[in-house]
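Residue numbers (mature numbering (1 follows the signal peptide of the UniProt record, and there is no 0)): -23 to -1, 1 to 115.
Below you'll find the structure, written out as structure tokens, and then a few comments.
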Ligand SMILES: *[C@@H]1O[C@H](CO)[C@@H](O)[C@H](O)[C@H]1NC(C)=O
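And the structure:
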């Protein structure tokens, strides 16, 4: 602690309040059916949560397949078109696929996470092709 600038110590509580632990910022596109087979679970129809809130992940978090089955909290924070995000809406999605090999192409290439059409439409205007998100693994 000796080497921390006093100003940092003053700012620390403020940074903690506005930056929840482990939350990251990224981008999201959406994809629709067909969803099978997936890179995680093949043709198993039981892989999808009954909520239909699931996602395929890009290179950044795929982790050579280790991302399969992980759960993330996802929130829309902004988009090119103002008013796209549904305010204060947070969803929990299960990772079931790798975005780069998903059967259905994403609405936008190269995003952090491609949300199922149901998931995307829950946090944003479903006519949008991509949004900026805040996400956190749980
Ligand atoms: C969704 O976006 C479209 C295109 O910008 C717009 O016409 C429509 O009104 C929006 N829907 C809602 C519910 O905001």
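We put the beta carbon where it would ideally sit given N, CA and C, even for glycine.
Quick caveat, the model's predicted, so the values are computed rather than measured.
- Looking only at 20, 39, 18, the smallest Cα-Cα distance to residue 89 is reached by 39.
- Residue 35 counts as buried, since at least 16 other C-beta atoms from the protein chains shown sit within 10 angstroms of its C-beta.
- The beta-carbon distance between residue 1 and residue 113, rounded to whole angstroms, is 7 Å. This is short enough to meet the 8 Å contact definition.
- The beta strand (DSSP E) runs lying completely inside the stretch 13 to 98 and spanning 3 residues or more are 31 to 34, 48 to 55, 67 to 75, 90 to 93, given in chain order.
- Listed by position along the chain, the residues with Cβ atoms less than 5 Å from a non-hydrogen atom of ligand 1 are 102, 104.
- Around the beta carbon of residue 7, 16 or more other beta carbons sit within 10 angstroms, so the residue counts as buried.
- The beta carbon of residue 48 sits closer than 8 Å to the beta carbons of 69, 70, 71, 72, 114, 115 from its chain, once the five residues preceding and following it are set aside; these are given in chain order.
- With respect to residue 55, residue 108 sits close: the two C-beta atoms are nearer than 9 Å.
- The residue from 83, 77, 32, 17 with its alpha-carbon nearest to that of residue 43 is 17.
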